[in-house]
Every structure is written in structure tokens, then in C-alpha cells.
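These notes concern the structure reproduced below.
Number of protein chains: 4
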Amino acid sequence: MESLMEKSDYGALLKKIVERNMVYNKLGKVASYIPALARSNPEDIGISLWDVDGNIYSYGDYDKKFTIQSISKVVGLIIGLMDHGEDYIFNKLSVEATREAFDFVEGSLEKLDNPMTNAGAITICSLIKGDNSEEKLERVLSFTRKLCGNENIGINHKVFLSEKETGNKNKSIAYLLKSMGKIQGDLDEILDLYFKQCSIEVSARDLAHMGLIIANKGVNPETNEEIFPKALAKTIQAAMTIFGMYNESGKYFLDVGLPSKSGVGGGIMALVPNTMGIGVYSPALNERGNSIVGIEVLKDLSKELSLHLLG
Amino acid sequence: MESLMEKSDYGALLKKIVERNMVYNKLGKVASYIPALARSNPEDIGISLWDVDGNIYSYGDYDKKFTIQSISKVVGLIIGLMDHGEDYIFNKLSVEATREAFDFVEGSLEKLDNPMTNAGAITICSLIKGDNSEEKLERVLSFTRKLCGNENIGINHKVFLSEKETGNKNKSIAYLLKSMGKIQGDLDEILDLYFKQCSIEVSARDLAHMGLIIANKGVNPETNEEIFPKALAKTIQAAMTIFGMYNESGKYFLDVGLPSKSGVGGGIMALVPNTMGIGVYSPALNERGNSIVGIEVLKDLSKELSLHLLG
Amino acid sequence: MESLMEKSDYGALLKKIVERNMVYNKLGKVASYIPALARSNPEDIGISLWDVDGNIYSYGDYDKKFTIQSISKVVGLIIGLMDHGEDYIFNKLSVEATREAFDFVEGSLEKLDNPMTNAGAITICSLIKGDNSEEKLERVLSFTRKLCGNENIGINHKVFLSEKETGNKNKSIAYLLKSMGKIQGDLDEILDLYFKQCSIEVSARDLAHMGLIIANKGVNPETNEEIFPKALAKTIQAAMTIFGMYNESGKYFLDVGLPSKSGVGGGIMALVPNTMGIGVYSPALNERGNSIVGIEVLKDLSKELSLHLLG
Amino acid sequence: MESLMEKSDYGALLKKIVERNMVYNKLGKVASYIPALARSNPEDIGISLWDVDGNIYSYGDYDKKFTIQSISKVVGLIIGLMDHGEDYIFNKLSVEATREAFDFVEGSLEKLDNPMTNAGAITICSLIKGDNSEEKLERVLSFTRKLCGNENIGINHKVFLSEKETGNKNKSIAYLLKSMGKIQGDLDEILDLYFKQCSIEVSARDLAHMGLIIANKGVNPETNEEIFPKALAKTIQAAMTIFGMYNESGKYFLDVGLPSKSGVGGGIMALVPNTMGIGVYSPALNERGNSIVGIEVLKDLSKELSLHLLG
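Protein chains in written order, with numbering that gives the first Met the number 0: chain A, 0 to 310; chain B, 0 to 310; chain C, 0 to 310; chain D, 0 to 310.
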């Protein structure tokens, strides 16, 4: 990475970039399918950078909590890869871009379920090892805490209950997967795990740490603890690069060029391989379900610091 | 109807037509998704004609019991129309041909659910009036008994349990409908009703009587009892004509030209307006899910007796 | 047909029905993809009934000329059936309802091309016999004249040139059909024939006569001339019944219940088997491309004279 | 790039990797839709690496000529970007993954035409500047020659004529695009240009040079000539990364992780940003249309030299 400025200026840079892009929140809308999300403040904006040398640069509402939502798909993917290996997981799931769930003819289900879709993530939830559902959830939670470097991370139960109550489309996907033999087991348990993992509360700072661990190939640079095997890092980063931003992944790769994953809670977790993790929070979403200010901020940041994978 | 033969010869005609077409069962396969259906005998063949003057002509295994399956969609449609009226029902459901369930992009769900699809029939099950699920089931059963003129009709509980156990695709459809606001209420109850109505046991003779009542616009010609309002007859017959034979409805209308409904149990219920009902049973199915001998027999019968709606 | 009134009152009935339904033209729009159609007067309304006894009842602009458009698909189908027989034609084309052209995945082309779609009609144009394109066109024209009982019928060349010029979607369909081996030969010639047959000018009175010939199984009741073989009548009427009104065929069958074919020129040709032909012209179309007043008038007519196939 | 070996060993490495993977050609098939391609020798294998320091490493049939086919989409994209700028081009085309052409419902055409699909490439052909078709072709040819560093590059006219003759599906796509207002102008000319650019003959060595120029952001490292503006490099590399390998782009990115483009002629052009270009030729294709040995060779090469974008 050939940086255009001293790191000591990063704080000022974040402020400048955020201020320049805040106006875009007027063009988006906070998610409204459950009350807890609908009450988010579209003016909230927080960002954190956490690099491998232990430096943290933050601005705005970087400590504000919000639900992780689809960013948990990355957590699930890592656990799935650790539990079963790449061959098994990618034999189960597709590794190509998909259109919306349900937009398929029978026989072409492969298009439905890359690991960053709901179908793929629900399938992975069905595969997470554990003696019972408590143990499975505990594994997801404790793994998320390690990735975020934050022991206090927990579930927003109000959001979980709302997700569960309004989750008919996900139930439909789960039964479809079951009818095609893609998943086994108790669907209510599997979906509970899925809805709970989506309801984990994080901050932009937590996401920056998660990005950092994945950027650093599974090793916590502060403690040298191996959180996941180095060999998985490339696959995880690649899945984020290709599918991480819903149907906007192609455009986002052109503009930002970093492995990233977004959630409808308003978060984006991004990373610069071997270098740093980035967490952004701004809950006003564009029509693809991505944080509208978040994307603009990451575009600018990628440009200003020359972070694009393709230089 | 300009008949080509005396009614007294109908018995011999049925025998001749059946014998001529029995060979086609070699080209089909009995449904195998549940054990109870897989054990059907592909050599079984039964047919009954029941006319408005009270004459019955039958041949073969016309008294053998099998599950009604999708033919119950006609029963459900009539109850739905009686409970809510045409406007309400056809506001809820589509009235155009559909492709397979799930083959749609969001926004075009209208294509999914005409009353002869699983999605349409599940929606109707959610609308059947009754204080509780027992009462709703009792209404369906008692109405089926009246249509069939047979008080002994009941449910095959083994088939019901199998349908329920393997019914993940129908559960998926139900949750999708719920997620789109098409149905309300307890899905397990709604699906239980749906699976139970599919598991009602009938004979070819029962289906002939059902066809007769619909042909005679809701009135039992023997007792003059009005089983459903005359004004609904045209709609019911039209829905059968347009959608009754899955994705083979167009070809079937060209060849046979009668309002009909098939089920994967091997039954076909057909009718000649104002004249007679016809029930056929032969469990070997073609790839569209229709009784292969059943269709051939009805083609011949339509030709020999000049029954085609278009003359 | 159990009529509710004396035939002597038919003229008054037509007037009453038209006046009652004229207001619906406000809800529709004339076709605008070519200037000649865009200049149609949405207030125009004409209707003719022509029965097998030679009686004609007409009202309004029943002599006004407009282009036949998709109603020519029926003409093409009859010629195709005469030239090649049913087996050949329905081996080539589908006999099930379709969605829009191009809405298919490869391998399911069968869904594209029933004889009442553009794909099906273009395929049939490629099959019409003749030593050269002039002869093929002459056969189509002369056959249309016989069906309409009108020697003066010809092509609107302005419309033809516009259709040809704006016909890129039809060219796209033709090349797709060719790429899949469905059609052979010079596509420009085939498409010219297709665009020309769509540009034939007729009146509501002409369409009533066409309906009469098809209703009377190919025989002109005035002259006893056999215009097409009796054996084809059922197939032609069936194709009209199932597919004749674009994506509104199901709803139309419920409401009107007569073999019919519409065109975006504003015409509808309908028929009562063995009894009469009906032609309607009113160029304001609904979103499905059908004459909006035309459908309302036919609904009322079917009800008042009890014309529905299902009684 | 942290290389695992001395460059002096690259020649031996290429030999070893090729020998290890040659067996895979048994699992593939050469393209057969035109005779010229069908006559390719599935045992052919050639590879070249060309780095920014001017070193070339080659093995096998690296000088054998074959048609560039879809790799020309990259050439077209660059010219399009130079002629019209990014905003104009990506306003015209999609930047998300697509399914097969024609697998769409109207209104969602955006899914059809990213710059690496036939629809996208045909659209770009319609936009290439030039006073007449000769000039446009000359621009494409001369630009290809510069990219390949080879003045002798020309068109295989036999292949061009075959492509044109069998190109009905592409014609269908072109007319569809025209009908939707996506392209203007004479389609025959546009398609001729498209078929001609697909019929340009190159070698693996030529493709390695093309990759080198794109890797080096448009500058020929030998002559310092700017072949295209530096600012376009990221976009071109990104489009190759996301869409370059047909429906196998996601899996390929996981496994190889380099901007690449394949063609059904058997070529793959890949690149390591700022470092080197790679050309591979092996005409046996997998079911996605990609060189089967080519992909295996690139997988090994990426691993052995640690070339993956994600480290």
C-alpha cells in the first residue's frame, strides 16, 4: 500500500471524508421491516480503522451499537470452513453470483445459495457443529467476540424476536432447501440460530477489528492468537470480494476494490489485506440494501489512501 | 350432445376403450414421493360415468379407493367461492396459467397462484371459514361427501402423515405466501388442512358423482338438493377447463375438451356440462403428473361420444 | 344456445350494450408503437354479429377499417394446419400457455411459442407453402378474403412499413428461433410475410364473417363452399379459447367463454360454435393489449344471450 | 508479490505445471459450433509469461495461432472507455454478474449486459467511433496489435464467415438490444465488426503481451508508449476480475485470483497488476466454455508464485 499521507493525519482525513459524504444519507432510508431497525437515526455515522500495528483511528458514532445482520454471514462462513473444510462447504454451496432468492427454476438451485445469500447462510447454520442449539449459539457468539476483540458482545433480543416474527421469507427459503435435500435437521432451531446471529450487536469499532483479523489471516496482531487457520483467509476474503455487497458487488469492486460485507443494520466491514480492518456505520440504505453513506465514505477512503486491490 | 350410440351400449364402450388404452400404463410411473402412493398398482384401471338421469356406467376398478390429491383443489375452490364470493377469491388469486411454483421474480407473484396450483389451494385453505381447525376439516369432508354422494368418505391417515412429513416444498410455498401478505393465520394448521384434504380417499365412482354435481350446476339430480349455488358453476367449470391438468391443460383441452381435474393419486374427475360426470382411476402418471391411461381413455371417450365442448 | 330474446331485438341490444360500455375507453390507450396506430380514434366502436342463417346485426363503426394485427395468427394457423397437418404443427409449436417472449431459460423454449404468440406465428409463416414470397402472401391474402367474405381486403402498406421498421423485437425472436433450429429459410422474407399479414385491413363486419366461417367448421353457410376442412375446426377454436387473448385468456374465458382472438389494432374476432361470428372494433387497449371496450361488450353480450361455452 | 523462486527457474516451472495438468484435456471438449474451431487439437498447450522488465518465459505451443473470441471483449471495452469515458459506458451497460442472455423478464435487462457478455460487447461495438465500418475495424485491429505488440495480427476470414453464418443467437441479441433502444445504427455492420473482432488470430505469447500492457496500466514497458490512459486500468482489470470467466468467475477468483478473460477459442489472458501478463492456449473447454487445462495451469501458477490478488 502506497499511502498518500502520514498516518498521523488519518483522524483528520476520516472527519473530512465523513463530512463530505454525510449529505448522501438524505437519499437513503433506514430498514423498516422491523420496528427496532426503523427507529435508527439516519444521521448516525461512525467509522473506525484498525491497522496491524495496533493503531486505531475513529470518527463519529464509532461506538454506537447496531445489529450485525448480514455481516454475520462472514462469521458463519468462517465457522463452517473450520468445521467442515472448503471442499465440503463449496460442494454444498454455489460460488457464483446469484439473483434474488426464489428467482430460479428448479434444477438451477445452484444459483441461489452462495455463502453471502440468506440461503447459503441458513445452510451454513445447519452445519455448525455443537451438541445442542445452546452450544452452537455459544460458538457463534464467542467466535464473534474474538473476531471483534470485544468480550461484551451479545444479542439484541428485541431484534431477534422481531426477526423471528417477520422471518417468513427466510422460513420459506429454509423449507425449500430442506425439500431439495440441501439441509437436514430441525428448521426452527436452524432458523433461530440464523436470526440470533443476525441480531448480534456490534459497533463500527468492533467491525474494524473483525476486518483486521481477516486482513491479518486469522491472527490477532496484538496477541498473536490464531483465531482461524491462515489457509482460510484467502477464501474468506475472496467470498467477500465477489458477493459481499448484495447485487451491488460488481459496481462496488470497481469503485472501492476491497473485500467487504454489508448488513441492513447499516454496517459495512471492509479490509485491506495484510494491513487493516475498517468498520463503518450509517443506517440509511440505498435500494440494494447497502449503507449509502458507508459506500461513499469507503469510495473516498479507497481513493485517498490508494487502497484498491488493483492499485 | 349428439351421441353416436345408444346409452345401453355405454358399458361395452367403456370396456372397449379401456382395453384399447391399457397398454399406455407401461409408459408411465406411479407417484413415488411417499410410500403409500409408490405401492399403487399401475395395472389398476377404473372408470365410471354418471348422468343427470341417474344412470351409472362403470368398468374395472371403479370402486377401488385412492387419494384424491389435487382434485381436492376443486372442492376447496367451491367452498372458497361459497364462503367469500368470486370477487374476493379472484382478487386474492390469479386467473392465468402459471409455470411451476417458485419460478418467478418478486413482483410477479400473480403468476404463481391460480386456484389449481398448490399456492392457490393453500391460500384457499387459509380462507375456509370455521371456528377451529376441526370444524374447517369437517366442512371440507362433509362437502366432499355431498359432492361424491358417499357418506363413507374419509381420510387416509397414513398418506396424510406422509404428505405432512415430506411436505417441505408446500411449507416453503406457504411461508412465501405469508411473507407477501397473501395468507394469514397459523401455517401449521393451514397446511394440515391442505395435506388432509389431499389425503381424502375416493373411487372413480365417487369422482363421477362429483363431476355430475358440478355438471348439473350444484344440484344433486337425484334429490334436487342444492349443494352449491348455481351461479358458481360456470366459474368452477371454467377454472377446471383452463388450469385443471397442470402444464398439460392446453393440449388436453385440444384433445378432450372437457372441464377436468387430475391428481397424482391417479384420478381424473371430468364432466360434460348439464349432462354427466366422469371419474377415472389409473395410477401410472406421465411426466406432467397426469394419469397416462386416464387421459387416453378420456380422449377416446370424448371422440366416441362427441363430448368436446367445441363439438 | 338458449337465447333470452328474439333475434329481431339484436340490433337494439347491440346499441344498448355498446352505449353502456363506451365509457371504458377512457381507461384504455390506443397502441402507439407506430404512428398509424397512434392516430386511431379511441371513441370508435363498431360491432357485427353474423349468424349461420345469414342474418347480420351491426352497430356503430362496423365498416371502419383497421389492421388485423394478431388476429392474423388465426389465419396463419389455419393455413399451417392445412399445409402440414396437426401433428406436424403441434410438434413444432407448444400447446401450453406462455409468458412473454424471451422470458425463458434455454431448454424451456417450448414455453415460448404456442400458435397465438409472435414466436409461434413467425414459425408458422416460415412453413406456409408457396413457390416464392409473392405466392405465399397471395395465399394468405386470398384465404383472409374468403374467411371475411370480402374480395376487397388488402394490406395497409403504411402500417406494413412501420411494422417492419419498428419490428426489432420480432426480428430478435426470429433469429432466436433460427438459432435453435426452429425455423429455416430467409428471415427477411419470413418477417415480411409476418408483418404484411399483421397489416391486413379489416372491419368488424369482416371479422364477424371470419368468426362465422370458423364457427361453422370451415363451411361458408351462404355458398356451402368448404373454406377449410371440417376436421380442423375444433383445433382452431380450441387454440383461440386457450390462448387467444394474450395473458388475459384465463380471465376472459371465465367472463366471456367464447373462442376469440384479439389484436392491438383494436379488433376482437369471436365466435359461438355452430351459431355465429362476432366482430368488434374499439382501439383503446388495456395493459394486456386487448380492446378494453371490446371485452366489456363481449362480456355483456355473452351474458345477455347466454353464449358462454359452459352455459 | 513474494515469489517462491528465482525467475531463472520460471521456464522449468512452466514445463512442470503444464505436464502436471495436461491430463485434464481429456475431460474437456473443443468448441464445435463452427468447423474451424472443431478442428482444433485438444492436445495443444502453450503458455507465455511476459514481465514488466521485458523477460519472457514460454513453453509448448506458445506461438500457435487461434482465434481470440471473447478475449476481444477486453479490447472492445478499452476502446469504448477511451471513446466515451466510464460514466457513459457504465450508464449503458450493467456492472453486475448476469445469467445467460435471454434469461430475463422485460424490465430487468440490466442483468443482461455487463461488458463481458455478448450483449455488452455488441453494444460496445455499436459505440466504437469511426467514419465507416472499415475505419472502425481498422481501429480495433490496430489497437489489438499494439496491445499484443505484434504488427502481424489479422483476422481469420474463414472463422469470421462461419461465425457470421452461425451467429443467429447474436443477431437475436442485437435486435433485442435495438428494440429496447440500447443500440442504434446498422445491425449488420455492428455484428460484422463483432464477428470480426472475435475472429482475430493471436497466440499465447500475444495474449501475454496484452496482459502485460493492462498490468502496466496502459504503458508499454519496453517503449514507454501510452497505449491507453492509466486512469482506465483499474476499471479494465476490475471488469476482468468480476466477469472475465463466464459463469465460473466466482470460483476462478477463489482459486486463481487474477484479472483474466477467456475465449472459446481456448485462450486465457491473465495478468498480475504492475508485474506481468500471462497467455495460455489449450482448446479443450469445460462446460462453462473455459479452457480446462488453462484454468488448472493458472491455479498452479498462482499458487507456486503466490500471485493471488488476496495474497
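Ideal Cβ placement from N, Cα and C applies to all residues, glycine included.
Remember, it's a predicted structure, so these values are computed and weren't measured experimentally.
So if DSSP puts residue i in a beta bridge, which residue, or which two residues, is it bridged to?
i, result
"C/Leu278", "In the sequence as presented, Leu is not what sits at residue 278 of chain C; that position holds Gly. Answer by DSSP bridge pairing, in chain order: C/Ser47 and C/Met268."
"B/Ile199", "B/Ile154"
"C/Lys260", "C/Met268"
"C/Thr66", "C/Glu200"
"C/Ser290", "C/Leu284"
"D/Val218", "D/Glu225"
To the nearest angstrom, how far is the alpha carbon of residue i from that of residue j?
i, j, result
"C/Ala203", "C/Tyr280", "6 Å"
"C/Glu200", "C/Tyr193", "14 Å"
"D/Arg138", "D/Lys72", "14 Å"
"A/Asn82", "A/Gly276", "Here residue 82 of chain A turns out to be Asp, not Asn, going by the sequence shown. Cα-Cα distance, rounded: 25 Å."
"A/Leu92", "A/Cys124", "12 Å"
"B/Thr234", "A/Asp43", "56 Å"
"D/Glu188", "D/Ile33", "21 Å"
"A/Gly293", "A/Lys260", "11 Å"
"B/Val271", "B/Ile88", "25 Å"
"A/Asp102", "D/Val263", "Residue placement at A/Asp102 is poorly supported in this model, since its pLDDT is 38, which falls under 50; the coordinates are not used for a value here."
"B/Ser171", "B/Phe159", "18 Å"
"B/Ser290", "B/Ile267", "7 Å"
"A/Glu221", "A/Lys135", "27 Å"
"D/Arg19", "D/Leu304", "16 Å"
"D/Gly59", "D/Asp299", "17 Å"
"B/Asp185", "A/Leu186", "17 Å"
"D/Asn149", "A/Gly210", "45 Å"
"B/Ala173", "A/Glu286", "27 Å"
"D/Lys168", "D/Leu190", "11 Å"
"B/Leu36", "B/Phe252", "27 Å"
"B/Asn215", "B/Ala269", "13 Å"
"A/Asn24", "A/Asp254", "19 Å"
Quick one: give me the first and last residue of the alpha helix (DSSP H) that residue i is part of.
i, result
"A/Ser71", "Ser71 to Lys91"
"B/Ala11", "Tyr9 to Asn20"
"C/Thr240", "Ala232 to Phe242"
"D/Asn169", "Asn167 to Ser178"
"D/Phe227", "Per DSSP, D/Phe227 belongs to no alpha helix (DSSP H) and is neither H nor E."
"D/Lys250", "Ser248 to Asp254"
"B/Gly119", "Asn117 to Leu126"
"B/Ser141", "Ser132 to Cys147"
"D/Ala37", "Pro34 to Ala37"
Could you give the first and the last residue of the continuous beta strand (DSSP E) run that contains residue i?
i, result
"A/Gly59", "Ile55 to Gly59"
Let me know if residue i comes out buried or exposed under the rule of 16 or more other beta-carbons within 10 Å of its beta-carbon.
i, result
"B/Val22", "exposed"
"D/Asp50", "buried"
"C/Ser47", "buried"
"C/Ala283", "buried"
"D/Lys63", "buried"
"B/Glu95", "buried"
"B/His156", "exposed"
"B/Ser248", "buried"
"B/Gly84", "exposed"
"D/Gln183", "exposed"
* Three CB pairs or more closer than 8 Å across the segment 3 to 12 of chain B and the segment 21 to 32 of chain A -> no
* Asked: Does the pairing of the segment 156 to 166 of chain C with the segment 210 to 225 of chain C give three or more beta-carbon distances under 8 Å?
  -> Contact between the segment 156 to 166 of chain C and the segment 210 to 225 of chain C is absent, because fewer than three Cβ pairs lie under 8 Å.
* To do: Report yes or no: do the segment 112 to 127 of chain A and the segment 168 to 177 of chain A share at least 3 C-beta pairs separated by less than 8 Å?
  => yes
* Asked: If we count Cβ pairs, one from each stretch, closer than 8 Å, do we get three or more for the segment 234 to 249 of chain B versus the segment 112 to 123 of chain B?
  -> yes
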